Amino acid sequence: MLIEKYYQFDPRVVREILGKKLSARNRKDLDDVSEKTKVLLRSCRRQFDNIKRVFKTVEEMMGTLVDNICTYYLLPKELARQYAAIVFITNNRFETGKKKLAFLTFEDYVHCANQMIAKWSYSSVECTGHEDMDVDLDRDFLQKLRDLKILTEKEHLDEHKSIVLDKVLKIMSDRAFQDLEANFKNVSKTIINIAYGLNHSKDARDIFVDLVEKMIEPCFQSRWTQADMQYFLTAYRESCKEMQLFIRTDPNLLVVWERYISTLSSCVLQIYHT
């Protein structure tokens with residue numbers, strides 16, 4: 088109980104630290120974090136030091152982050168899950184500090200990071216070259232995401248659009264449906280280009296920026312509700328099972344698609360604050 092209390096943190100403080108290097112220089116800058124969050128400086132330093140300690144302990148360990156943190160620090164699973172998200176985001180250097188990401192909460196990042204750990208890391212059940220280590224993204228999976236680029240070709244894009252629109256015609260709001268009908272090409276290419284970009288470290292680091300700039304903001308400005316977004320993402324995901332491309336080609340492509348789009352959809356729905 089005492090250990091758990093010591094390692095607890097204030098989400099407001101961690102939100103300010105998240106994504107930054109755990110360096111001595113950033114520790115010195117915690118005065119600004121203390122002032123912004125109204126949390127005592129000594130508490131901010133304790134939280135920073137705890138995060139750095141956990142990160143250094145588990146970053147090279149085999150096994151899952153949550154289990155390693157639970158075992159080594161005797162923390163409850165939920166707190167370990169939050170620390171695992173922090174370690175994952177820090178290790179992959181995801182951009183979290185840009186102004187347009189300010190509306191995203193610590194809980195948003197925890198949800199998204201744990202979805203990525205479960206589906207995109209080496210410890211994912213779909214990972215063929217299993218390394219049983221989930222601080223890193225599965226490179227083989229990222230390479231296979233390049234094959235999804237074929238969905239941006241006109242023939243497949245038109246088929247995909249037709250199936251999706253048919254599925255959402257009677258369930259999306261009229262306004263959102265009309266916007267999707269007019270802009271399906273841009274929305275779909277954004278989703279596929281994000282997948283393709285995960286192969287490049289700079290693009291991978293900017294995944295939250297890309298989701299907000301290229302997907303969340305345009306749909307929000309077009310006044311999509313969260314229900315509209317959910318209807319679209321469900322139809323967009325499921326429709327690929329009906330496409331000739333996935334029926335005729337390597338069935339493993341559908342596995343790659345599911346592994347990617349299920350995680351992306353979950354993240355988008357989490358951060359789509361309306």
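Residue 88 is where the sequence shown starts when you use my numbering, and the numbers rise one by one after that.
From the three backbone atoms N, C-alpha and C, an ideal C-beta is built for every residue, glycine too.
Since the model is a prediction, treat every value here as computed from it, not as a measurement.
{"Check": "Sequence-distant residues of its chain with Cβ nearer than 7 Å to K164 (five each side left out)", "Outcome": "V153, C157"}
{"Check": "S260 in three-state terms, based on DSSP", "Outcome": "coil"}
{"Check": "Contact belief for T321 with S260 at Cβ below 8 Å, rounded distance in angstroms", "Outcome": "So it is not a contact: roughly 15 Å between Cβ atoms."}
{"Check": "Residue interval of the alpha helix (DSSP H) (run including N155)", "Outcome": "152-160"}
{"Check": "Given V197 as reference, the closest of F264, N113, Y159, G106 once Cα atoms are compared", "Outcome": "G106"}
{"Check": "Whether F142 touches L117 by CB criterion (9 Å)", "Outcome": "no"}
{"Check": "Of the listed residues A111, S110, S130, nearest to R99 (C-alpha basis)", "Outcome": "S130"}
{"Check": "Where L109 sits in the DSSP three-state scheme", "Outcome": "coil"}
{"Check": "Selected residue, minimal CA-CA separation from L238, among M330, L162, Q317", "Outcome": "M330"}
{"Check": "Contacts around D223, its chain only, beta-carbon distance under 8 Å, and the 5 residues preceding and following it disregarded", "Outcome": "N178, N179, S208, Y209"}
{"Check": "Spatial distance of V174 from K257 (CA atoms)", "Outcome": "43 Å"}
{"Check": "Endpoints, alpha helix (DSSP H) assigned at P305", "Outcome": "304-308"}
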